[in-house]
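To start, the structure under review is shown below, and the notes come after it.
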Amino acid sequence: MKIRLDHVIKTFETFRAVKDVSLEIESGELVALLGPSGSGKTTILRMVAGLEYSDSGSIHFDTQDATDIPVRDRGVGFVFQHYALFPHMTVAENIAFGMKVSKVKREKAAIEARVTELLRLVRLEGLGDRFPAQISGGQRQRVALARALAVDPKVLLLDEPFGALDANVRRDLRRWLREIHSELGITTIFVTHDQEEALDLADRVVILKDGQIVQQGTPEEVCRDPKSAFVMKFLGDANVIAAEVRDGKAYASGAAIAVSGLPDGKAELYARPADLDWALQGPGIPASITRVLDRPDGRRVLATAETGEHLELDVEPERSVKAGDGGFVTLRRAKVFAV
Amino acid sequence: MSAISSRRKPPRVGDQPLFRRALIGIVLILVALIIVAPLVVIGVEAFSKGWAVYRDTILHPDTRHAIMLTVLAALIAVPINTAFGVAAAWSITKFDFWGKRFLLVVIEIPFSVSPIVAGVAYLFVYGLQGLFGEMLDAWDIKILFAIPGVILASMFVTAPFVARELIPLMQAQGRDLEEAATSLGASGWRTFFSVTLPNVKWALLYGVVLCNARVMGEFGAVSVVSGNIRGQTNTLPLHIELLYHDYQAAGAFASASILALIAVFTIIAKVALEKQGAGRVQPAANSAENAS
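Protein chains in written order, with my numbering: chain A, 121 to 459; chain B, 9 to 300.
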């Protein structure tokens with residue numbers, strides 16, 4: 121099922137949550153809506169589900185205009201951030217609920233068979249008789265997914281699916297959701313504020329800010345070629361260094377890097393910690409080390425430039441650096457945006 | 009480790025033997041004086057003239073009529089107020105609309121206003137000199153000093169009970185469950201009966217029990233609108249007062265013992281329901297911790 125949003129706008133009282141968003145999602149695609157809180161990502165998801173109606177614009181499922189179809193008839197599977205499992209029903213009853221209330225009548229045996237099949241799919245065999253309060257958070261999330269999948273939705277929508285879980289469970293579930301998606305091939309949209317989750321899981325990442333799409337593309341595209349300082353900062357740690365562009369080069373206190381397509385004048389240079397290196401000789405940004413943080417996969421150096429800027433850079437584990445050392449921060453690569 | 013920690017309790021505020029004993033002692037004495045003693049008196053006085061007088065009082069046509077009227081008022085007022093309470097709680101917690109906060113305050117009014125004020129207000133609305141008085145008189149509809157007035161006054165006084173129990177619970181539960189049910193294809197009715205209602209049923213019953221107790225015990229508002237007509241518009245509480253003023257103390261206490269008995273049943277039901285309510289929330293939270 122292909123989904124198309126066309127100039128969708130949504131205002132809550134006076135707050136404009138979604139400002140003119142147009143978006144196409146291909147059939148079978150797994151798309152992440154990524155943005156900070158208040159960026160409108162959940163509102164977009166809820167509009168696709170029919171839990172909110174847009175003020176203007178349209179939402180199409182394939183060629184069908186779904187804008188005014190109520191949630192009940194829209195045929196979407198929605199997984200809520202806090203699972204929204206029915207606490208008075210067992211796991212199996214939760215999963216069967218959609219099939220029992222459906223307008224399509226099903227045989228009792230068929231419902232039971234489908235519940236068993238779904239419990240196997242979400243790897244919860246034998247837990248059908250438990251109540252939601254008797255299983256763990258990760259298990260609840262899988263029940264919520266099985267319940268949403270039970271009615272054979274055309275689209276699967278997940279609102280911060282792993283937000284309430286701890287880091288290890290989250291990583292496992294992420295991989296597992298990816299497997300389920302490849303197995304079922306169902307068009308899936310999920311909302312997250314965690315850039316790592318979006319990049320790990322999605323075919324395509326749509327980055328939102330203040331109710332508007334600021335960039336979309338594959339994880340590779342958005343990581344390698346962020347189009348704005350916001351995307352650069354939002355996707356991961358970044359150093360910001362004041363720079364000046366002259367004749368196709370950006371200069372930042374002793375360091376220089378080639379840039380293209382930027383007018384001469386003031387600019388900001390963005391570099392990830394791994395884009396920077398430490399050297400005893402210039403050319404580079406003169407700095408002194410204030411602290412070294414040791415991590416399993418390397419060492420992070422916190423340094424203060426002579427100009428007063430705080431810089432963070434990653435060096436390999438073998439490098440001997442210590443607080444108090446003086447030297448130069450050199451640029452491996454960087455993104456420069458005009459200010 | 010656990011043995012030590014259980015023996016050595018950290019000191020609490022005012023946790024000295026003298027203070028503790030004095031406080032508990034004062035509370036016990038006050039409970040005995042204020043609550044227990046009057047109840048004992050009811051029981052003793054009711055049977056002071058012997059079992060035969062007690063039985064005669066209870067079986068007297070006026071007493072039986074008062075009991076019937078009280079039960080009738082409860083049978084009508086409680087279901088209506090239950091339906092009202094569910095509807096009010098549902099609309100306040102699940103929908104957004106203009107005037108929602110105002111509605112919340114209005115629902116609470118019967119709690120804060122003296123019932124006698126409600127009774128007098130009904131006089132002004134339905135009384136002969138009142139707003140609809142002439143119209144009602146012309147159509148020969150009797151509301152005041154008749155059974156409809158008794159029921160209306162009871163309904164006014166008990167209107168908030170069910171809604172007040174449901175609103176905080178339904179607010180805490182949010183809309184997620186209903187949204188999940190509709191997204192799975194359930195109709196509005198189906199969502200209400202299979203998702204909303206089962207999750208509030210103990211609170212609902214609790215509200216109904218309190219509402220019923222209040223309808224049966226209501227005195228102030230009903231006494232203004234009923235006119236105290238023996239064997240016609242007298243409810244049990246009014247009947248007790250009448251008997252008492254007639255210097256039939258034993259009869260008054262006998263009738264009062266029926267109300268006291270209803271109160272005892274109400275408390276048993278209330279405690280049982282509280283256990284159900286607590287029983288559903290408490291262990292669930294614990295087992296969730298264990299499982300994760």
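Glycine included, every Cβ here is placed at the ideal spot set by N, Cα and C.
- In terms of Cβ geometry, N89/B and M163/B form a close pair [threshold 9 Å].
- Of all C-beta pairs linking the stretch 366-374 of chain A to the stretch 317-337 of chain A, fewer than three are shorter than 8 Å, placing the two stretches out of contact.
- Contact annotation for V221/A against chain B: A189, L192, G193, A194, S195, R198 and S202 [CB-CB distance below 8 Å, chain order].
- Contact of R192/A with chain B is assigned, a C-beta pair being separated by under 9 Å.
- The Cβ-Cβ distance between E429/A and T307/A does not fall below 9 Å.
- Taking a C-beta distance under 9 Å as the contact criterion, V275/A and F282/A do not qualify as a contact pair.
- Note: I409/A is bridge-paired with A423/A in the DSSP secondary-structure output.
- Sequence-distant partners of N220/B (beyond 5 residues in either direction) whose C-beta falls short of 6 Å from its own C-beta, in its chain, are A82 and V86.
- Around the CB of T204/B, 16 or more other CB atoms lie within 10 Å, so the residue is classed as buried.
- According to DSSP, residue pairing for V325/A in a beta bridge involves A152/A and G337/A.
- When 7 Å is used as the limit between beta carbons, V196/A is near these residues of chain B: S191, in chain order.
- Proximity to Q335/A across E317/A, I164/A, R415/A and F354/A peaks at F354/A, based on C-alpha coordinates.
- Under a 10 Å Cβ-count criterion, Q315/A is classified as buried, with 16 or more other Cβ atoms of the shown protein chains found around its own Cβ.
- Shown here is that no member of the stretch 210-227 of chain B has a Cβ falling below 7 Å from a Cβ of chain A.
- In this structure, the CA atom of G138/B is about 29 Å from the CA atom of A91/B.
- In the three-state scheme derived from DSSP, where H, G and I count as helix and E and B as strand, D64/B is classed as helix.
- With a cutoff of 9 Å on beta-carbon distance, F169/B and G215/B are scored as near each other.
- Just so you know, the alpha carbons of K347/A and P339/A end up roughly 13 Å apart.
- Along the stretch 82-98 of chain B, there is no position whose C-beta sits under 8 Å from a C-beta of chain A.
- In terms of CA proximity to K223/A, R192/A leads the group V242/A, H127/A, R192/A and E388/A.
- The alpha-carbon of G356/A is positioned some 8 Å away from that of R392/A.
- With its beta carbon at least 9 Å from every one in chain B, G305/A lies outside the interface.
- Interface flag for V271/A against chain B is set, since a Cβ pair is found closer than 9 Å.
- When Cβ-Cβ separations below 9 Å define contact, G283/A makes no contact with chain B.
- For the pair of segments examined, the stretch 124-141 of chain B was found to touch the stretch 227-243 of chain B: the number of CB pairs separated by less than 8 Å reaches three.
- Bounds of any alpha helix (DSSP H) do not take in G197/A; it lies within the beta strand (DSSP E) bounded by V196 to V199.
- A straight-line Cα-Cα distance of about 55 Å links G239/B and G193/B.
- Within the same chain, Cβ atoms closer than 7 Å to the Cβ of I175/B are found at A97, I100 and T101, the five residues on either side in sequence being excluded.
- Chain A places no beta carbon closer than 9 Å to that of D254/B, leaving this residue out of the contacts.
- For the pair G331/A and A171/B, the Cα-to-Cα distance works out to about 38 Å.
- Counting along the chain, no beta strand (DSSP E) covers G93/B; the unbroken alpha helix (DSSP H) around it starts and ends at P69 to K102.
- In terms of Cβ geometry, V221/A and S263/B do not form a close pair [threshold 9 Å].
- Judged by pairs of C-beta atoms under 8 Å, the stretch 161-177 of chain A does not touch the stretch 238-247 of chain A, as fewer than three such pairs exist.
- Our two residues, G141/B and F153/B, have alpha carbons roughly 13 Å apart in a direct line.
- Using a Cβ-Cβ distance cut-off of 8 Å, the stretch 369-386 of chain A and the stretch 397-416 of chain A are in contact, since at least three pairs of beta carbons, one from each stretch, lie closer than that value.
- Annotation: the continuous alpha helix (DSSP H) that includes L131/B extends over P123 to Y134.
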